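**Student:** Below are the structure tokens for one structure; questions will follow.
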Amino acid sequence: MSLVSIQHPLASAAEQLRVLGRPAHKPFERALEECRLVPFTATGIEVLQINVGKLCNQTCRHCHVDAGPDRREQMSRETAELCLAALAGAAIPTVDITGGAPELNPNFRWMVEEARRLGRHVMDRCNLSVLLLPAQAGLIDFLAAHRVEVLASLPYFLEQQTDAQRGPGVFAKSVEALRLLNAAGYGRPDSGLLLNLVYNPVGAFLPPPQASIQADYRRELSRRHGIVFNSLYTITNMPISRFLEFLLRTGNYDRYMDRLVNAFNPAAAAGVMCRHTLSVGWDGTLYDCDFNQMLSLPVTGRAPRHIRDFDLETLVRRRIITGHHCYGCTAGAGSSCGGALA
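Residue numbers (this note's numbering): 7 to 348.
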């Protein structure tokens with residue numbers, strides 16, 4: 007049975023946390039204590055990551071957001087304006103717009119325009135196939151005109167593996183979208199238009215070394231399809247949402263968690279993205295990272311819980327909320343929205 011067709015028994019964050027809280031593994035906080043990273047606090051805010059909603063034109067097997075065409079959670083214009091107001095009052099250099107498919111939010115282009123007007127670097131986490139929708143006509147030219155970095159998720163450079171994770175026909179659409187991005191200058195040397203790919207393992211294992219899989223992607227996409235790109239980032243599948251369901255359904259949960267715990271890397275833990283990123287949910291709630299957002303674990307302590315109350319001085323010193331799922335970001339070479347960490 008395909009993961010994308012089942013009812014989600016772990017749809018609630020509370021149920022996911024119950025599963026993740028099983029006592030079989032060393033608490034993540036203890037791992038931090040052993041490498042002298044307690045108290046685990048933010049080191050600043052270099053990235054404001056804004057999740058504009060769970061609506062997506064795809065339903066991917068590994069999706070930690072549980073996004074899809076049937077989701078209706080969408081960031082309102084009012085909340086988007088609060089995000090831009092916070093950005094205008096703080097020296098945060100990068101805006102990372104994610105979803106769902108962020109381009110499906112009706113305020114997406116306005117947010118890009120406003121963030122660029124403020125002189126911020128803007129990143130669009132794109133599933134590629136969304137660029138081919140009739141309603142998104144002109145989107146690639148818009149992104150290029152505003153010098154938006156495109157982070158394009160592509161599970162593999164072969165059709166079978168990509169379609170197994172994302173659905174039939176997705177690989178062909180992804181290739182077509184990548185060609186259109188290349189034609190607009192993305193990924194081309196000296197164009198200044200960044201096209202970076204994102205790789206997630208298809209199964210219950212850690213990603214290979216980032217440099218190695220990047221070389222494979224670069225060689226095969228060029229040879230087979232004439233596609234070029236700037237960099238490839240590897241991201242470990244987090245044991246939450248649909249991927250957690252997959253692990254439990256296939257009997258791989260304990261084995262996968264053992265793999266993550268045994269591969270804990272203090273160097274990766276010291277540099278995890280939550281220490282320099284602030285995540286904003288579609289309703290304006292503030293989180294340490296996108297993964298905590300999906301587990302309904304907002305920022306804690308004296309830090310404001312909503313973007314309307316944004317206070318940079320307090321947020322840059324906040325204590326980070328951690329849990330068993332954090333082993334996913336600290337295993338091996340580490341994992342973040344910007345790829346490997348160590």
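Beta carbons: idealized from backbone N, C-alpha and C, even for Gly.
All of these numbers come straight from a predicted model, not from anything done at the bench.
(1) Given T49, which residues of its chain have a CB within under 6 Å of its CB, disregarding the five upstream and five downstream residues?
(2) If we ignore side chains and look at the alpha-carbon of each, how far apart do L145 and V58 end up?
(3) If we require 3 or more residues per run, which beta strand (DSSP E) segments fall completely within the stretch 156 to 208?
(4) Can you tell me where the alpha helix (DSSP H) holding D147 begins and where it ends?
(5) Can you name the residues that DSSP bridges to H312?
(6) Rounded C-beta distance between A143 and G191? I'm assuming under 8 Å.
(7) Among residues of its own chain, excluding the 5 on either side of Q220, which ones have a beta-carbon nearer than 7 Å to its beta-carbon?
(8) As a quick exercise: from V176, E119, M244 and P161, pick the residue whose alpha carbon is nearest that of L139.
(9) Between the alpha carbons of R24 and F297, how many angstroms are there, rounded?
(10) By DSSP's criteria, F270 is part of a beta bridge. Which residues make up the other side?
(11) Determine the closest residue to L110 out of L124, I98 and R77, with distance taken between C-alpha atoms.
(12) Can you check whether the CB of A276 is closer than 8 Å to the CB of L375?
(13) Helix, strand or coil for V154, going by three-state DSSP, please let me know.
(14) How big is the Cα-Cα spacing for N243 and L250?
(15) Suppose the cutoff is 6 Å on Cβ atoms and the five residues either side in sequence are ignored; what does the same chain contact list for C343 look like?
(16) Could you check how far apart the C-beta atoms of C62 and G106 are, in whole angstroms? I think they sit under 8 Å.
(17) Given this structure, state the Cα-to-Cα distance separating Q13 from R248, to the nearest angstrom.
(18) Applying the criterion that 16 or more other CB atoms from any shown protein chain within 10 Å of the CB defines a buried residue, is P195 buried or exposed?
(19) My guess is that D102 and V53 are in contact by the Cβ rule of under 8 Å, so how many angstroms apart are they, rounded?
(20) According to the neighbour-count rule (16 or more other Cβ atoms, all chains shown, within 10 Å of its Cβ), is L164 buried or exposed?
(21) Do L134 and I313 have their beta-carbon atoms positioned less than 8 Å apart in this structure?
(22) Looking at the structure shown, is A117 part of a helix, part of a strand, or coil, going by DSSP?
(23) Rounded to whole angstroms, what's the CA-CA distance from P15 to G232? Just pull it up for me.
(24) Quick check: the Cα distance between T85 and R225, rounded to an integer number of angstroms?
(25) At 4 residues or longer, what runs of the alpha helix (DSSP H) sit wholly inside the stretch 59 to 94?
(26) Which residue marks the beginning of the alpha helix (DSSP H) containing I219, and which one marks its end?
(27) Out of M263, P45, E21 and Q55, state which residue places its alpha-carbon closest to the alpha-carbon of G287.
(28) With a threshold of 7 Å on Cβ separation, who are the neighbours of G290 within its own chain once the five nearest residues in sequence on each side are excluded?
(29) Check whether the Cβ atoms of A183 and L137 lie closer than 8 Å to each other.
(30) Roughly how many whole angstroms lie between the Cα atoms of R67 and M263?
(31) I need the straight-line Cα distance from C295 to I326, nearest angstrom please.
(32) Under the three-state reduction of DSSP, which class applies to S18: helix, strand or coil?
(33) Between which two residues does the alpha helix (DSSP H) holding N298 run?
(34) Please work out which residues of its chain come closer than 6 Å, Cβ to Cβ, to A121, disregarding the five sequence neighbours upstream and downstream, and give them in chain order.
(35) Between which two residues does the beta strand (DSSP E) carrying R324 extend?
**Tutor:** According to the structure shown:
(1) Walking along the sequence shown from the start, residue 49 turns up at place 43. Taken in chain order, the residues that qualify are R281 and H282.
(2) Translated into positions along the sequence shown, residue 145 becomes position 139. Translated into positions along the sequence shown, residue 58 becomes position 52. Rounded to whole angstroms, L145 to V58 spans 17 Å at the Cα level.
(3) Contiguous beta strand (DSSP E) elements confined to the stretch 156 to 208 occur at 201 to 205, taking only those with 3 or more residues.
(4) Locating residue 147 in the sequence shown gives position 141, where the first residue counts as 1. Run containing D147: L145 to A151, per the alpha helix (DSSP H) assignment.
(5) Here residue 312 refers to the residue found at position 306 of the sequence shown. Beta-bridge pairing links H312 to T291.
(6) Start at 1 with the first residue of the sequence shown, and residue 143 comes out as number 137. Start at 1 with the first residue of the sequence shown, and residue 191 comes out as number 185. Actually they are not in contact, since the Cβ atoms of A143 and G191 sit about 18 Å apart, beyond 8 Å.
(7) For this step, residue 220 is matched to residue 214 along the sequence shown. Same-chain partners within the cutoff: S237 and L238.
(8) Position 133 of the sequence shown, counted from the first residue, corresponds to residue 139. Of the candidates V176, E119, M244 and P161, the one whose C-alpha sits nearest the C-alpha of L139 is V176.
(9) Your numbering for residue 24 matches position 18 in the sequence shown. Your numbering for residue 297 matches position 291 in the sequence shown. Roughly 16 Å between the two C-alpha positions.
(10) Counted from its first residue, the sequence shown places residue 270 at position 264. For F270, DSSP records a beta bridge to A337.
(11) Taking the first residue of the sequence shown as position 1, residue 110 is located at position 104. Among L124, I98 and R77, the Cα nearest to that of L110 belongs to R77.
(12) Outside the displayed range of the chain (7 to 348) lies residue 375, so it cannot be described from this structure.
(13) The residue you call residue 154 lines up with position 148 of the sequence shown. Residue state, collapsed to three classes: coil.
(14) The sequence position of residue 243 within the sequence shown is 237, counting from 1. The sequence position of residue 250 within the sequence shown is 244, counting from 1. Taking the straight line from one Cα to the other gives about 9 Å.
(15) For the purposes of this step, residue 343 is taken as the residue at position 337 of the sequence shown. When the five nearest sequence neighbours on each side are left out, the beta carbons in the same chain lying within less than 6 Å of the beta carbon of C343 are those of M279, in order along the chain.
(16) The count along the sequence shown starts at 1 and reaches residue 62 at position 56. The count along the sequence shown starts at 1 and reaches residue 106 at position 100. Sure, about 4 Å apart at Cβ, within 8 Å.
(17) Your numbering for residue 13 matches position 7 in the sequence shown. Your numbering for residue 248 matches position 242 in the sequence shown. Residue confidence is low: Q13 scores 40 on pLDDT, short of 50, so the model does not pin down where it sits. Its coordinate-derived value is still stated next. Q13 and R248 have their C-alpha atoms roughly 10 Å apart.
(18) As a working note, residue 195 is residue 189 in the sequence shown. The residue is exposed, with fewer than 16 neighbouring Cβ atoms inside 10 Å.
(19) Your numbering for residue 102 matches position 96 in the sequence shown. Your numbering for residue 53 matches position 47 in the sequence shown. Indeed they touch by this definition, with Cβ atoms about 5 Å apart.
(20) As a position in the sequence shown, residue 164 is number 158, starting the count at 1. Counting Cβ neighbours within 10 Å, L164 comes out exposed, since fewer than 16 surround it.
(21) Residue mapping note: residue 313 aligns to position 307 of the sequence shown, counting from 1. Residue mapping note: residue 134 aligns to position 128 of the sequence shown, counting from 1. At least 8 Å separates the beta-carbon of I313 from that of L134.
(22) Taking the sequence shown and counting its residues from 1, one reaches residue 117 at position 111. Correcting the residue type first, residue 117 is Met in the shown sequence and not Ala. Note: M117 maps to helix in three-state DSSP.
(23) Your numbering for residue 15 matches position 9 in the sequence shown. Your numbering for residue 232 matches position 226 in the sequence shown. Residue placement at P15 is flagged as unreliable, the pLDDT there being 46, under the threshold of 50; the coordinate-derived value follows with that caveat. The alpha-carbon atoms of P15 and G232 are separated by roughly 42 Å.
(24) Start at 1 with the first residue of the sequence shown, and residue 85 comes out as number 79. Start at 1 with the first residue of the sequence shown, and residue 225 comes out as number 219. In a straight line, the C-alpha of T85 is about 43 Å away from that of R225.
(25) Counting only runs of 4 or more, we get 83 to 94.
(26) Residue numbering aside, residue 219 sits at position 213 when the sequence shown is read from its first letter. Unbroken alpha helix (DSSP H) run through I219: Q216 to H231.
(27) As a first step, residue 287 must be located in the sequence shown, where it is residue number 281. When each option's Cα is compared against that of G287, the closest is Q55.
(28) Reading the sequence shown from its first residue, position 284 is the one you call residue 290. Around G290, the same chain offers T85, L88, H312, I313 and R314 as residues with beta carbons nearer than 7 Å, after the five sequence neighbours per side are excluded.
(29) If you number the sequence shown from 1, residue 183 lands on position 177. If you number the sequence shown from 1, residue 137 lands on position 131. A183 is a Cβ neighbour of L137, given a cutoff of 8 Å.
(30) Counted from its first residue, the sequence shown places residue 67 at position 61. Counted from its first residue, the sequence shown places residue 263 at position 257. The alpha-carbon atoms of R67 and M263 are separated by roughly 18 Å.
(31) Residue numbering aside, residue 295 sits at position 289 when the sequence shown is read from its first letter. Residue numbering aside, residue 326 sits at position 320 when the sequence shown is read from its first letter. In a straight line, the C-alpha of C295 is about 9 Å away from that of I326.
(32) By 1-based counting over the sequence shown, the position of residue 18 is 12. Coil.
(33) To locate residue 298, count along the sequence shown from 1; it is residue 292. Boundaries of the alpha helix (DSSP H) harbouring N298: D296 to M300, taken from the DSSP string.
(34) As a first step, residue 121 must be located in the sequence shown, where it is residue number 115. If the five residues before and after A121 are omitted, its C-beta is found closer than 6 Å to the C-beta atoms of V101 and V128, all from its own chain and listed in chain order.
(35) If you number the sequence shown from 1, residue 324 lands on position 318. Unbroken run through R324: none, as it is neither H nor E.
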